[in-house]
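Notes to accompany the following structure.
In the working numbering, the protein residues as written are 14 to 230.
Here you go:
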């Protein structure tokens, strides 16, 4: 596909020819096409072909928004597996040839990718992304920590998820919330560990009562 054809497809709403390639505009256009279920894998890869030929840096927020849209995209005739495509495209921008064309991944990027791995049935990759996040010096936030728990549970490592929930969340600088507990509770129930789920539910109830009491003192 020629560049002219690519530009026409990516910017179908533009009425005049483009004189320069704008990463922000390109990602805004394809993100809308993802949400409409109209972006094919070929078009997505053509966009990244163009990206890797340009010197204009891609804003991290634009990339994050595009990847998040792919992760949530339902299967369609244009693209059957949005999460798998998101991982493939991110791997492309991580290669050496992308250089400074793409902003470094942020905590939001890693959270999106970890969630993507769960949806793509590759929780092992999600755990690898979390390990990579920690080596970059980025501080895990509540969303990333909860998604880490989700990856552990999807990887059938529920015992480790319980340990992280009860003993290691503070090491990550996070405090377990109701969603943290619900992730692990669901995994315990799904794996026929009902008694452990009940014990954890009781702990969660005590945690909520203690938290409520702290507000009334």
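Beta carbons are placed, not taken as given, at the ideal position from N, Cα and C, and that holds for glycine. These figures come from a predicted structure and were not determined experimentally.
Pair within 8 Å by beta-carbon distance, residue i and residue j
i	j	result
residue 178	residue 193	yes
residue 196	residue 166	yes
residue 71	residue 128	no
residue 102	residue 39	no
residue 146	residue 153	yes
Own chain partners of residue i with C-beta closer than 8 Å, once the 5 adjacent residues on each side are dropped
i	result
residue 221	191
Inter-residue CB distance, residue i and residue j (contact presumed, cutoff 8 Å)
i	j	result
residue 100	residue 92	13 Å between Cβ atoms; not a contact.
residue 118	residue 168	Not really, about 21 Å apart at Cβ, beyond 8 Å.
residue 164	residue 139	4 Å
Cross-strand partners of residue i (DSSP beta bridge)
i	result
residue 115	71
Residue environment, residue i, which counts as buried when at least 16 other CB atoms sit within 10 Å
i	result
residue 122	buried
residue 59	buried
residue 62	exposed
residue 17	For residue 17, the pLDDT reaches just 42, beneath the cut-off of 50, and the residue's location in the model is therefore unreliable, although a value from the coordinates is still provided. When all chains shown are included, residue 17 counts as exposed.
residue 77	buried
7 Å Cβ shell around residue i - same chain, five flanking residues per side excluded
i	result
residue 89	50
residue 214	198
Proximal residues to residue i (C-beta, below 6 Å), its chain only, five neighbours per side dropped
i	result
residue 209	201
residue 109	A caution first: residue 109 carries a pLDDT of 48, below 50, which makes its placement in the model too unreliable to give a value.
residue 204	171
residue 86	47, 95
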